[in-house]
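Peer 1: Residue numbers (numbering that gives the first Met the number 0), protein chains in the order written: chain A, 0 to 312; chain B, 0 to 282; chain C, 0 to 543.
Every residue gets a Cβ at the ideal spot worked out from N, C-alpha and C, and that includes glycine.
Sharing a structure below in structure tokens format, with a few things to ask.
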Amino acid sequence: MYASLPRFLLRRLLTGILVLWGAVTVTFFAVSAAGDQVDAILGPQAANLPGLRERVAAEYGLDRPLPVQYLDRLASLATGDFGRSYQRSQPVTRLLGSQILPTLQLALSAALVGLLLALIATVITAGRGRIVRTGTSVFEVLAVAVPPFWLGILLLSLFSFNLRWFPAFGSHGISGLVLPTLALAIPLAGVLAQVMRQELELVEGRPFVLSARARGQSRLGLLLRHTLRHALLPATTMSAWVLGTLVGGAVLVEKVFSRPGLGTVLVNAVQHRDTPVVSAVVILAALIFVVANALADMLYPVIDARLRETSRA
Amino acid sequence: MSATTAAFDTARPRWRATRGSHILLAISTLAVALIVALLLFPGVFAPYAPDTNDVQHTFSPPSSTHYLGTDQLGRDVFSRLVYGARYSVTTGLVATAIAVVAGSLAGLTAAAGSRLADALIMRLTDVWMAFPEVLLALLVIALIGTGSTQIAVAIGVAAVPYYGRLVRGQALAVTKAEYVEAAKILGVPAWRYVLRHVLPNVGGPVVVLASLGTGSAIAAAAGLSLLGLGPLPPTPEWGVMLAEGQTYLANAWWIAVFPGLAIVVVVLVSTTLGRSLQARSLR
Amino acid sequence: MTLVEVAGLEVSFGHEPPVVRDISFTIEDGECLALVGESGSGKSVTARTLLGLAGERARVRARTLRVGSADVRSFSQRDWQRLRGKSVGMVLQDALVSLDPLRRIEDEVAESIRLHQRDSTRTERHRRVLEVLAEVGVPEPELRSQQYPHQLSGGLRQRALIASAVATRPDLVIADEPTTALDVIVQHQILRLLEEIKEQGRGLLLISHDLAVVARLADRIAVMLDGRIVETGPTERIVGSPEHPYTRTLLDIARGRRAQRPPHAGGQTLLDVDAVTKNFGERRAVAGVSLTLRAGETVGLVGESGSGKSTLARMVMGLTEPDEGRILLRGQPWSGTPERARRVQRQHIQLIQQDPQAAFDPRHTIGRIIAEALPGQRGARRRAQITELLATVGLDAHFAHRRPHQLSGGQRQRVAIARAIAPQPEVLICDEPVSALDVSVQAQVLDLLSELQQRLGIALLFITHDLTVVEQISDRLLIMNNGEVVEEGLTTAVFDNPQHPYTNALLQAAPRLPLLSATASHGGAPEPRAATDSYQEVPAVTDS
């Protein structure tokens, strides 16, 4: 279909790797600039024991020069080794391995539900009168302004404690996933619906819409055959950002719902300055971002033929 | 320009939008003034002290004596919210200020500096933006420790690339704008047209973004406090209040619900202000 | 058969005064009616009302409003959808934006077939798409139907748009400024295609601001001003003996009044462009162009978009450095000198651009914008100067307090002129200064420019794609094509006896009315037959 596709993909892959390498580098040097890691491992009280500092530094490889540590870090990350937790002194991969799935599950289901809610809102209100549009836009602004963690508390209070429809704690299969998903999905739906409707209104002013209507296209036909595709373009651009934000938001929502997941581990690690764990989560999130971005980049020219030739320049 | 566009203009007159945004601007400016008053003189608005325990009246629901009820120690929720604004709102403001200053410096350096500096800074913002803001803030807190100031720094650092991008883009667009070229054609020296045209036109959108960003910074700060990374419990910070109230959600919903509502209101004010400023600058 | 019958049509939006008032007309099959007027005259709204597309808030009233055989006043949304695209097809201005950029040509052309012949199969639709694309003169329809609008040239795109409007063989075609965005040569071809459509026995409602364009095609013309039809009649009568003063104005503009002044001999050379070349990567934008501009004269530089004329303007203004060649201003080096040295010279050469809105800082008032051109002046003296400059360009003193977006296009261009003449330049470069303006406003701005030139003795380099415009104003002409000057000479010589084939093509294609003597057009004397019957035979000019 388009000749430059392989080259385009290769370039995207390279940029992705570059961003990841940057993410690793930034976190590594930020951690080493923030102070002596041995203090973080030992805590203030144990630091005075003679010989202990040196032993711990040697154990974690912190006694070597910084460039060596950096190269070692790159090499071990390349093999999927994220180092060892200071606090639990076990490999970070094992610590996170069991926790990453519930978080991803929550983030993905929230992404799907959010997109679905936004699409429904857009389709229902598209082309309606001023009052309907103003009403929905007020609703959207509200949805965006509500922090997911508080929405979670509201939902808990209403559906778990008062109506007792859903369990208040833990992850009991699907029923335990409903409220946390909604808490994340509703603000997201607000953002997506705003972006899509803004684009939709912009596109509806374009002459080609008038052309289509002059051919006898109905309101729904116009939306499905023409304008909705345009509205999906900015939403596609945002998808990587959306996933990242959802992973971030999931940490808070998990705390509110006492769900297992990255949230509990991460907050614990932050409080104990367990930097290998925190860096690992941050780098994983960057990986998700890079992958999602690459997917969006591949999706973009499928929706918009004009972009298939951009690499010509 | 053309007959087509002119006809579309008649279909949607712009004065409507402008009038609406003027009203919104007035309302949100008023709300900002009110919030500032709360910050400066909480005692005028709060009927009780934020830390007065009243064991006789624990968990009393909202009433005329306690507008928003009392908590597990009998403290007045409304008064605590009023005093708590000092912590929550200020943290958001400081975070945004850090992001604006650092982002503007980075953006201007990228726009005005060499190609290498530009490329370096832009790639760095690419990397930066690959981290979700909350997680990046958590990393910063892991490095510098917990507390109100640390939270402000963490959120500010996480938001820097957004301002950096905006400032760079604006600065490049404005320096290429025809009105700057027009000044150049008139023989206006560079320093003068930068002062007269470039800076004000770059600054406008930054103010808009900062206004929008303050709201989400306040929400993010409350979220981090909810995780126990901010000030410690007796402090009437909104996120701390949320965390405390969540424990009693089953029998006293108001303790956790109202601090959240306060956050929503502040976020709404800041987005409305930002949007109406934006709408005004567009027309 | 009568296709459209309108009587007493009034359209208003909200509570504002109506934009269309008491309009009546009919269209028969095989006939072309043209609605002519400037933007805001209500002509597009009228056309859209025939399709029920005037807008959500539009209030439409009429004594009679019949489209096809139906009274559309009582039409429901569903009735409208059945009418649109089936009995009436619509063609809009610029196909790049009037065709959905995300869909293939085939999808767009087939859309009305799909909607109105619901039992048609995919293969039938495909066959019909290829057929209709071939009918409208799209070569290789099989290939083109699978492409997207952005992959087609402007002319092909416009043909595809027309194909999408006639795919269901509607009785009536409404064409709203169908050629406005096109270069003159393509414009000519599209007009010929529309004539073919008319000859097939369809009715054609043509909307345009340009009398010269419609005169080729229309059987009858209705001239609209402020929502009313001020004059209507057979094309020959309207062109030959217009009754309403506004029609006469439009005719004068369409004819291009030849400036009644002797060719300027020119004084000392102010601007000397010597064989300049500019490349953008592989592309050669300007290739070895030379020109001179002497004190007090006007040189017209004509070329279509992409001919390199704007790049040349930027080099002349010292905003872009030429790759080869050099430019002298008032005998001193201008290109290749540092900005510091150029700055003191800049007051001698000023620029007027196409879009004055972009050239003004949106945050500043008009007063501040003009004051920027008056350095070292303060207070009352500066205010007086601003007032004087505004008066020079025909604007009231209170404009000083307005902001750019509060002004009309013509007013903005006047402000741009005021700012440009403020430093008392000797050379004024005008880059498409009127092409964004309505035709009657164009005439006013051009009048202002030539008046100022006569009074202040400024040398003008007038860059445009519009031959009508330069003919009025310039002493000498340069024709640019693909970065090169292909022809150069006195304006009359170029118009009367073009040497280069490209110039010839430009002149042939330009929509022009035969130039009449001033008495004929204003006095209503008998009219030599207008060029309505055979537009192929465009008289290239003129008396002199």
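Start and end of the beta strand (DSSP E) containing P233 (chain C)?
Peer 2: As a first step, residue 233 (chain C) must be located in the third sequence, where it is residue number 234. R227 to P233 is the span of the beta strand (DSSP E), which, as asked, contains P233 (chain C).
Peer 1: Any Cβ of chain B within less than 8 Å of the Cβ of L107 (chain C)?
Peer 2: Taking the third sequence and counting its residues from 1, one reaches residue 107 (chain C) at position 108. Residue identity differs from the one stated: residue 107 (chain C) is Glu in this sequence, not Leu. No, E107 (chain C) lies away from the interface with chain B (no Cβ there is under 8 Å from its Cβ).
Peer 1: Could you tell me which residues DSSP puts in a beta bridge with A69 (chain C)?
Peer 2: Along the third sequence, one-based indexing puts residue 69 (chain C) at 70. Paired residue(s): C:V66.
Peer 1: What residue range does the beta strand (DSSP E) around D271 (chain C) cover?
Peer 2: On the third sequence, residue 271 (chain C) is found 272 positions in, with the first residue counted as 1. Element bounds for D271 (chain C): T268 to F279.
Peer 1: I'd like to know whether the C-beta of V126 (chain B) is nearer than 8 Å to at least one C-beta of chain C.
Peer 2: Within the second sequence, numbered from 1, the residue matching residue 126 (chain B) stands at position 127. Not an interface residue.
Peer 1: With 8 Å set as the bound, which would you pick, yes or no: does the beta-carbon of A120 (chain A) sit closer than that to a beta-carbon of chain B?
Peer 2: On the first sequence, position 121 is the one that residue 120 (chain A) refers to. No, its Cβ sits nowhere closer than 8 Å to a Cβ of chain B.
Peer 1: Can you tell me whether A284 (chain C) is helix, strand or coil according to DSSP?
Peer 2: For the purposes of this step, residue 284 (chain C) is taken as residue 285 along the third sequence, with counting starting at 1. In the structure shown, A284 (chain C) sits in a strand (DSSP, three-state: E or B).
Peer 1: Determine which residues of the segment 318-340 of chain C have a Cβ less than 7 Å from any Cβ of chain B, and write them out in chain order.
Peer 2: Taking 7 Å as the Cβ-Cβ cut-off against chain B, the residues of the segment 318-340 of chain C that qualify are L318.
Peer 1: At 8 Å on the CB atoms, spell out the chain A contacts of L115 (chain B), in chain order.
Peer 2: For the purposes of this step, residue 115 (chain B) is taken as the residue at position 116 of the second sequence. Those within 8 Å of L115 (chain B) in chain A number zero; the least Cβ separation is about 16 Å.
Peer 1: Going by other Cβ atoms of all chains shown within 10 Å of its Cβ, with 16 needed for buried, is W190 (chain B) buried or exposed?
Peer 2: Working through the second sequence from its first residue, we reach residue 190 (chain B) at position 191. Label assigned to W190 (chain B): exposed.
Peer 1: Counting only C-beta atoms, is G186 (chain B) closer than 8 Å to chain C at any point?
Peer 2: The residue you call residue 186 (chain B) lines up with position 187 of the second sequence. Chain C, which has a Cβ nearer than 8 Å to the Cβ of G186 (chain B), makes this yes.
Peer 1: Along the beta strand (DSSP E) that carries L427 (chain C), what are the first and last residues, could you check?
Peer 2: The sequence position of residue 427 (chain C) within the third sequence is 428, counting from 1. L427 (chain C) -> beta strand (DSSP E) spans V426 to D430.
Peer 1: When you compare the CB of A181 (chain B) with every CB in chain C, is at least one pair closer than 8 Å?
Peer 2: The residue given as residue 181 (chain B) occupies position 182 in the second sequence. Yes, A181 (chain B) counts as interfacial toward chain C.
Peer 1: Please state the DSSP three-state secondary structure of P90 (chain A).
Peer 2: Residue mapping note: residue 90 (chain A) aligns to position 91 of the first sequence, counting from 1. Reduced to three states, the DSSP call for P90 (chain A) is strand.
Peer 1: Could you check the C-alpha separation between D273 (chain A) and L92 (chain B) for me, to the nearest Å?
Peer 2: As a working mapping, residue 273 (chain A) is identified with position 274 in the first sequence. As a working mapping, residue 92 (chain B) is identified with position 93 in the second sequence. Looking at the two C-alpha atoms, the distance is approximately 29 Å.
Peer 1: Determine the burial state of M297 (chain A): buried for a count of at least 16 other Cβ atoms within 10 Å of its Cβ, exposed for fewer.
Peer 2: As a working note, residue 297 (chain A) is residue 298 in the first sequence. The residue is exposed, with fewer than 16 neighbouring Cβ atoms inside 10 Å.
Peer 1: Please state if the CB of S11 (chain C) and the CB of R58 (chain C) are separated by a distance shorter than 8 Å.
Peer 2: As a position in the third sequence, residue 58 (chain C) is number 59, starting the count at 1. As a position in the third sequence, residue 11 (chain C) is number 12, starting the count at 1. Their beta carbons are under 8 Å apart, which means R58 (chain C) touches S11 (chain C) by this criterion.
Peer 1: Determine the DSSP secondary structure at E303 (chain C), reduced to helix, strand or coil.
Peer 2: Looking up residue 303 (chain C) in the third sequence gives position 304. DSSP places E303 (chain C) in coil when its eight states are reduced to three.
Peer 1: Of the choices B:T234, B:R164 and B:T271, whose alpha-carbon is the least far from that of R74 (chain B)?
Peer 2: Residue 74 (chain B) sits at position 75 when you count from the first residue of the second sequence. Comparing Cα-Cα distances from R74 (chain B) to each of B:T234, B:R164 and B:T271, the minimum goes to B:T234.
Peer 1: Excluding sequence positions up to five away, which residues of its chain have a Cβ less than 7 Å from the Cβ of G136 (chain C)?
Peer 2: Locating residue 136 (chain C) in the third sequence gives position 137, counting from the first residue. Taken in chain order, the residues that qualify are R158 and L192.
Peer 1: Any residues in the segment 415-449 of chain C with a beta carbon nearer than 7 Å to a beta carbon of chain B? Which ones, in chain order?
Peer 2: Answer in chain order: P422 and A435.
Peer 1: Here's the rule I'm using: 16 or more other beta-carbon atoms within 10 Å means buried, otherwise exposed. How should D209 (chain C) be labelled?
Peer 2: As a working note, residue 209 (chain C) is residue 210 in the third sequence. Per the 10 Å Cβ criterion, buried.
Peer 1: Between V201 (chain B) and the ligand ATP, is there a pair consisting of the residue's CB and a ligand heavy atom that are separated by less than 7 Å?
Peer 2: As presented, the structure is devoid of all ligands, the ligand ATP included, so that no description of it is given.
Peer 1: Enumerate, from N- to C-terminal direction, the unbroken alpha helix (DSSP H) stretches of 4 or more residues contained entirely within the segment 230-274 of chain B.
Peer 2: The qualifying runs are 237-246.
Peer 1: Here's the rule I'm using: 16 or more other beta-carbon atoms within 10 Å means buried, otherwise exposed. How should M479 (chain C) be labelled?
Peer 2: Within the third sequence, the letter at position 480 stands for residue 479 (chain C). Burial call: buried.
Peer 1: Can you give me the start and stop residues for the alpha helix (DSSP H) that D117 (chain B) sits inside?
Peer 2: What you label residue 117 (chain B) is simply residue 118 of the second sequence in a count that begins at 1. From DSSP, the alpha helix (DSSP H) with D117 (chain B) extends over R114 to A129.
Peer 1: With burial defined as no fewer than 16 other Cβ atoms inside 10 Å of the residue's Cβ, what is the status of V67 (chain A): buried or exposed?
Peer 2: Position 68 of the first sequence holds residue 67 (chain A). When all chains shown are included, V67 (chain A) counts as exposed.
Peer 1: Output the boundary residues of the beta strand (DSSP E) element that contains G168 (chain B).
Peer 2: Within the second sequence, numbered from 1, the residue matching residue 168 (chain B) stands at position 169. Here G168 (chain B) belongs to no beta strand (DSSP E); instead the alpha helix (DSSP H) covers S147 to K175.
Peer 1: Name the DSSP bridge partner or partners of F359 (chain C)?
Peer 2: Translated into the one-based positions of the third sequence, residue 359 (chain C) becomes position 360. DSSP output for F359 (chain C) lists no bridge partner at all.
Peer 1: Ignore the nearest five residues each way along the sequence and tell me which others in L232 (chain A)'s own chain have a CB closer than 8 Å to its CB.
Peer 2: Position 233 of the first sequence, counting from 1, holds the residue named residue 232 (chain A). E198, Y299, I302 and D303.
Peer 1: N480 (chain C) bridges to which residues according to DSSP?
Peer 2: Your numbering for residue 480 (chain C) matches position 481 in the third sequence. C:E483, per the DSSP bridge assignment.
Peer 1: Whole angstroms are fine: how far does the CA of G317 (chain C) sit from the CA of A181 (chain B)?
Peer 2: Residue numbering aside, residue 181 (chain B) sits at position 182 when the second sequence is read from its first letter. Residue numbering aside, residue 317 (chain C) sits at position 318 when the third sequence is read from its first letter. Each residue's Cα considered, the two are about 12 Å apart.
Peer 1: Report the residue ranges of all alpha helix (DSSP H) runs contained in full by the segment 196-245 of chain A; include only those spanning at least 4 residues, in chain order.
Peer 2: Fully enclosed alpha helix (DSSP H) runs of 4 or longer: 206-213 and 218-221.
Peer 1: Applying a beta-carbon distance threshold of less than 9 Å, which residues of chain A neighbour I262 (chain B)?
Peer 2: Locating residue 262 (chain B) in the second sequence gives position 263, counting from the first residue. Within 9 Å Cβ-Cβ: A144, V145, P146 and W149.
Peer 1: In angstroms with no decimal places, state the Cα-to-Cα distance between A530 (chain C) and L294 (chain A).
Peer 2: Position 531 of the third sequence, counted from the start, is the residue given in the question as residue 530 (chain C). Position 295 of the first sequence, counted from the start, is the residue given in the question as residue 294 (chain A). The pLDDT assigned to A530 (chain C) is 34, lower than 50, so where the model puts this residue is not dependable; a value taken from the coordinates is nonetheless given after this. When rounded, the distance between both Cα atoms is 59 Å.
Peer 1: 8 Å is my cut-off, CB to CB: does H521 (chain C) come that close to chain A?
Peer 2: On the third sequence, position 522 is the one that residue 521 (chain C) refers to. Any reading at H521 (chain C) must be qualified, since the residue scores a pLDDT of 37, below 50, and its modelled position is unreliable; no value is offered.
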